[in-house]
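Asks:
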Amino acid sequence: HTAYIRPELTRQELVFNLQPVTYGDLDLFGKEELRTAAAQCIDRTKLIRQTLFGQSEVPIDFYPAGHSGHNAALTGIAYDPEAARTALDELGWTVSEEGTRIASQVTGIPYGTKLSFTLSTGDSAIAQQAGEMIREDLAACGIAVELNPLPLGELYAQGPDGVIFGRSFDAAMFAWAAGNRACAIYMSDQIPAESNHWIGTNVGGYQNELYDDACLLPELTDADARQIYAEELPAIPLYFNISAALSDAHI
14 HTAYIRPELT RQELVFNLQP VTYGDLDLFG KEELRTAAAQ CIDRTKLIRQ TLFGQSEVPI
74 DFYPAGHSGH NAALTGIAYD PEAARTALDE LGWTVSEEGT RIASQVTGIP YGTKLSFTLS
134 TGDSAIAQQA GEMIREDLAA CGIAVELNPL PLGELYAQGP DGVIFGRSFD AAMFAWAAGN
194 RACAIYMSDQ IPAESNHWIG TNVGGYQNEL YDDACLLPEL TDADARQIYA EELPAIPLYF
254 NISAALSDAH I
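Position one of the sequence shown corresponds to residue 14 (the numbering used here), numbered consecutively onward.
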């Protein structure tokens, strides 16, 4: 028997809620620099090695390497916790005695606010394992995470009551598939809200007019949109899901 394993077009992402629906919720991750620091804290290669036996890759583009739509010219955010800790210091997030960072001089965030959030995931074994690894990596940078594993029916329930599509989460880990226009997921008109009956894919509420304009270009000429995605991180891409097949020479 011969096994064939390859990355799918479906990628797991860590999405921060940049526009919380609940009044009074703080937009902790509204700054691109903070999302970048969080990405630098997470060892995504190790995550792939331990959850998928190393059979996937860290997404840089919407498509995996080897796919005709992949843009090899893009560069992603590398694992670099030391650089992340330095960036967090410079952003005004200082380490408290208990090890969790608190706001000391962060614009728009009250003094003493903890850099902590709840991460909602599916309740499968692999989702919970990945969530725990992310929690440990971020804790090493002074970012506290509480895991919230949920049945998929509850996680993906329609808004306004659903966690993801009702945009009532701090951060969530889930998968999106790259369609014919993969960048459209994060266009401004895709934010679920009461006005569109809570239908949309941009559940984190990311908004950027330059990104929207670039994404409207024909597929495979939307390099600017892909570059903005890689740099601004409306979501932290974790890994591509994998598909496996077996062949038998005697069949």
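Beta carbons are placed, not taken as given, at the ideal position from N, Cα and C, and that holds for glycine. As the structure is a computational prediction, the values presented were derived from the model and not from experiment.
Where do the ends of the alpha helix (DSSP H) carrying glutamate 159 lie?
Replies: On the sequence shown, residue 159 is found 146 positions in, with the first residue counted as 1. From DSSP, glutamate 159 is part of no alpha helix (DSSP H) but of the beta strand (DSSP E) over 157-163.
Asks: In the DSSP assignment, what residue or residues form a beta bridge with lysine 127?
Replies: As a first step, residue 127 must be located in the sequence shown, where it is residue number 114. According to DSSP, lysine 127 bridges with Ile115.
Asks: Could you pull out every residue in the same chain whose Cβ sits closer than 6 Å to the Cβ of arginine 48, ignoring the five residues on either side in sequence?
Replies: By 1-based counting over the sequence shown, the position of residue 48 is 35. Once the five neighbours on either side are set aside, the close Cβ partners of arginine 48 are Phe42 and Leu246.
Asks: Can you list, in chain order, the residues of its chain with a C-beta nearer than 7 Å to that of proline 20? Leave out the 5 residues immediately preceding and following it.
Replies: To locate residue 20, count along the sequence shown from 1; it is residue 7. Excluding sequence neighbours, proline 20 sits near Ser69, Glu70, Pro77, Phe253 and Ile255.
Asks: Which class does glutamine 25 belong to by DSSP, given the choice of helix, strand or coil?
Replies: Reading the sequence shown from its first residue, position 12 is the one you call residue 25. It is a strand residue.
Asks: So what does DSSP say about alanine 206, is it helix, strand or coil?
Replies: Within the sequence shown, the letter at position 193 stands for residue 206. Correct three-state label for alanine 206: coil.
Asks: In the DSSP assignment, what are the bridge partners of phenylalanine 253?
Replies: Against the sequence shown, residue 253 aligns to sequence position 240. According to DSSP, which records beta bridges pairwise, phenylalanine 253 is partnered with Arg24.
Asks: Given this structure, state the Cα-to-Cα distance separating glutamine 53 from glutamate 207, to the nearest angstrom.
Replies: Translated into positions along the sequence shown, residue 53 becomes position 40. Translated into positions along the sequence shown, residue 207 becomes position 194. The C-alpha of glutamate 207 is placed about 35 Å away from the C-alpha of glutamine 53.
Asks: Spatial neighbours of alanine 185 within its chain, please: C-beta separation below 6 Å, excluding the five flanking residues on both sides.
Replies: Here residue 185 is taken as the residue at index 172 of the sequence shown, counted from 1. Closer than 6 Å at Cβ, skipping near neighbours: Val28, Ser133 and Ile177.
Asks: Give every residue of the same chain whose Cβ lies closer than 7 Å to the Cβ of leucine 31, excluding the five residues on either side of it in the sequence, and list them in chain order.
Replies: Against the sequence shown, residue 31 aligns to sequence position 18. Counting only Cβ-Cβ distances below 7 Å, and skipping sequence neighbours, we find Asp40, Phe42, Gly43, Gly217, Gly218 and Tyr219.
Asks: For the pair the stretch 222-240 and the stretch 195-207, tell me if three or more CB-CB distances fall below 8 Å.
Replies: Here the stretch 222-240 lies against the stretch 195-207, with 3 or more beta-carbon pairs under 8 Å apart.
Asks: Using CA atoms only, rank isn't needed, just tell me which of Thr99, Asp74 and Gln63 is closest to alanine 238.
Replies: Within the sequence shown, numbered from 1, the residue matching residue 238 stands at position 225. The option with the nearest alpha carbon to alanine 238 is Asp74.
Asks: Could you work out which residue in Ile156, Thr58 and Leu251 is closest to valine 108 when comparing CA atoms only?
Replies: Within the sequence shown, the letter at position 95 stands for residue 108. It is Ile156.
Asks: Our contact map puts glycine 144 next to proline 162 with C-beta atoms below 8 Å; I'd like the distance itself, whole angstroms only.
Replies: Here residue 144 is taken as the residue at index 131 of the sequence shown, counted from 1. Here residue 162 is taken as the residue at index 149 of the sequence shown, counted from 1. At roughly 7 Å, the Cβ-Cβ gap stays under 8 Å, so glycine 144 and proline 162 are in contact.
Asks: Distance, Cα to Cα, glutamate 244 vs asparagine 193?
Replies: Reading the sequence shown from its first residue, position 231 is the one you call residue 244. Reading the sequence shown from its first residue, position 180 is the one you call residue 193. Rounded to whole angstroms, glutamate 244 and asparagine 193 show a C-alpha spacing of 22 Å.
Asks: Compute the distance between the beta-carbons of isoleucine 115 and lysine 127, then report whether it is under 8 Å.
Replies: Your numbering for residue 115 matches position 102 in the sequence shown. Your numbering for residue 127 matches position 114 in the sequence shown. It is a contact, given that the beta carbons lie within the stated cut-off.
Asks: What does DSSP give as the partner residues of serine 133 in its beta bridges?
Replies: Here residue 133 corresponds to residue number 120 of the sequence shown, with the count starting at 1. Answer is Asn161 and Ala185.
Asks: Smallest Cα separation from aspartate 183: which of Pro94, Pro173, Leu160 and Ala97?
Replies: Residue numbering aside, residue 183 sits at position 170 when the sequence shown is read from its first letter. The candidate whose alpha carbon is nearest that of aspartate 183 is Leu160.
Asks: Could you have a look at glutamate 70 and say whether DSSP puts it in helix, strand or coil?
Replies: Stepping through the sequence shown from its first residue, residue 70 is reached at position 57. If DSSP states are grouped into helix, strand and coil, glutamate 70 belongs with coil.
Asks: Take glycine 121 as the anchor and find which of Thr113, Thr131, Glu26 and Gly105 has the nearest alpha-carbon.
Replies: To locate residue 121, count along the sequence shown from 1; it is residue 108. The shortest C-alpha separation from glycine 121 is found at Gly105.
Asks: Assuming alanine 248 and asparagine 84 are in contact, meaning their beta carbons sit under 8 Å apart, how far apart are those beta carbons, in whole angstroms?
Replies: For the purposes of this step, residue 248 is identified with residue 235 of the sequence shown, where counting begins at 1. For the purposes of this step, residue 84 is identified with residue 71 of the sequence shown, where counting begins at 1. Incorrect: roughly 17 Å between the Cβ atoms, too far for contact.
Asks: Which of the three DSSP states is assigned to arginine 19 in this structure?
Replies: Taking the sequence shown and counting its residues from 1, the one referred to as residue 19 is at position 6. Three-state result, arginine 19: strand.
Asks: State the start and end residues of the unbroken beta strand (DSSP E) segment that holds threonine 107.
Replies: Along the sequence shown, read from residue 1 onward, the residue named residue 107 stands at position 94. Bounds of the beta strand (DSSP E) holding threonine 107 are 106-108.
Asks: To the nearest angstrom, how far is the alpha carbon of alanine 152 from that of isoleucine 241?
Replies: Walking along the sequence shown from the start, residue 152 turns up at place 139. Walking along the sequence shown from the start, residue 241 turns up at place 228. Distance between the alpha carbons of alanine 152 and isoleucine 241: 27 Å.
Asks: State buried or exposed for leucine 229, treating a residue as buried only when at least 16 other CB atoms are found within 10 Å of its CB.
Replies: Within the sequence shown, residue 229 is the residue found at index 216, counting from 1. Exposed, because fewer than 16 other Cβ atoms sit within 10 Å of the Cβ of leucine 229.
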